Amino acid sequence: MVTLVVFTSEHYPKKHRFCLTNLITWSPNFVIFAIMAWAAGDWRTLQRVSAAFAIPCILILAFLSESPRFLVQCRRMADAKAAILRMHRIDGRHCDESVLDAVLAREERQHVATKGQKKYNYLHLFYTWRFVRYTTSVALSFFVVSLVNVSLLYTEELLGVFRYSMNLAISFGDMRFKWLGRKFVHFFAEALAATALLLYITLDLTGFKSALPFVANWSLLGIR
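Residues 1 to 224 in the working numbering are what the sequence shown lists, from first letter to last.
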């Protein structure tokens, strides 16, 4: 699954990569998946139908070129050049081969220049306290996001069109505002969830949850 996400994202146009990642993802597809689940009637039939839809995708992947970035990292410059030329040919765009050769030659020189440098591994993420803080923050963020994703699986019917409108708003906002990036969106989502959770806990401990059901429900919606 991780390899597939990286492989497909590297084939998206760089300018629209973040937009397409949010539009073509599991959230919009849940509308189609819900219709499939309703028509299937049981889990076994749904799994068979899902597998049947995946077969054409597997066949189509055989016609895709390997990621040029991956080929460059593997020092397969000729294959990378062929893949880039093929992409330009399919898109109907002109590709200046002299410029492409110069870029690939520069990548090769950079590889040779850095070949003797020190190699790093996962243990270097904890070599300094600064790296420990960064690594712990990222790990905690992914842990919280995983918990939120799991909770979403059991509360999809409560969100309705809210999650789709949020995805579309983020996608179009990324195209409109240059300052809107992943870091800001991630921070905003985490801050919103933390604030909503703190508000809900406060209402629950003070006994105002039943007196302010509207605020309590919207705080739960913000967490989700």
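We put the CB at the ideal spot given by N, CA and C, even for glycine. All values reported here derive from a predicted model rather than from experimental measurement.
Compare the C-alpha of Gln110 against each of Leu85, Asp79, Gln73 and His16 and name the closest.
Gln73
Using the rule of at least 16 other Cβ atoms within 10 Å of the residue's Cβ for burial, across every protein chain shown, is Gly131 buried or exposed?
This sequence places Phe at residue 131; Gly is not what is there. With fewer than 16 other Cβ atoms within 10 Å, it is exposed.
Please state the DSSP three-state secondary structure of Lys115.
Of the three classes helix, strand and coil, the one that applies to Lys115 here is coil, per DSSP.
When you compare each of Gly173, Phe184 and Lys209 to His16 by their alpha carbons, which one comes out closest?
Gly173
If you follow the alpha helix (DSSP H) that Phe89 is part of, which residue opens it and which one closes it?
Just to set this straight, residue 89 is Arg in the shown sequence, not Phe. Taken as a continuous stretch (DSSP letters only), the alpha helix (DSSP H) holding Arg89 covers Met77 to Asp91.
Given this structure, state the Cα-to-Cα distance separating Arg93 from Ala193, to the nearest angstrom.
Computed Cα separation, rounded: 44 Å.
Does the separation of the CB atoms of Tyr200 and Ala216 fall below 9 Å?
yes
Nearest-angstrom beta carbon gap, Leu203 and Leu212 [assumed within contact, 8 Å]
6 Å
What ranges does the alpha helix (DSSP H) occupy inside the segment 132-219, keeping only unbroken runs of at least 4 residues that lie completely in it?
156-159, 162-176 and 182-206
If you drop the 5 nearest sequence neighbours on each side, which residues of the same chain put their C-beta closer than 7 Å to that of Leu20?
Short of 7 Å from the beta carbon of Leu20, and not among the five residues preceding or following it, lie these beta carbons of its own chain, in chain order: Tyr12.
Would you grab the beta carbon distance between Ala62 and Leu71 for me? Rounded to a whole angstrom, and I think it's under 8 Å.
About 17 Å; that fails the 8 Å criterion.
In terms of residues, what are the limits of the alpha helix (DSSP H) holding Cys226?
The structure shown does not extend to residue 226, since the chain is modelled only from 1 to 224, so the question has no answer here.
Ignore the nearest five residues each way along the sequence and tell me which others in Leu180's own chain have a CB closer than 6 Å to its CB.
Gly173 and Asp174
Between the C-alpha atoms of Arg48 and Met36, what's the straight-line distance to the nearest angstrom?
A direct Cα-to-Cα measurement between Arg48 and Met36 gives close to 11 Å.
Please tell me whether Lys81 and Leu64 are closer than 9 Å, where the distance is taken between their beta carbons.
At the C-beta level, Lys81 and Leu64 stay beyond 9 Å of one another.
Spatial distance of Leu46 from Trp38 (CA atoms)
9 Å
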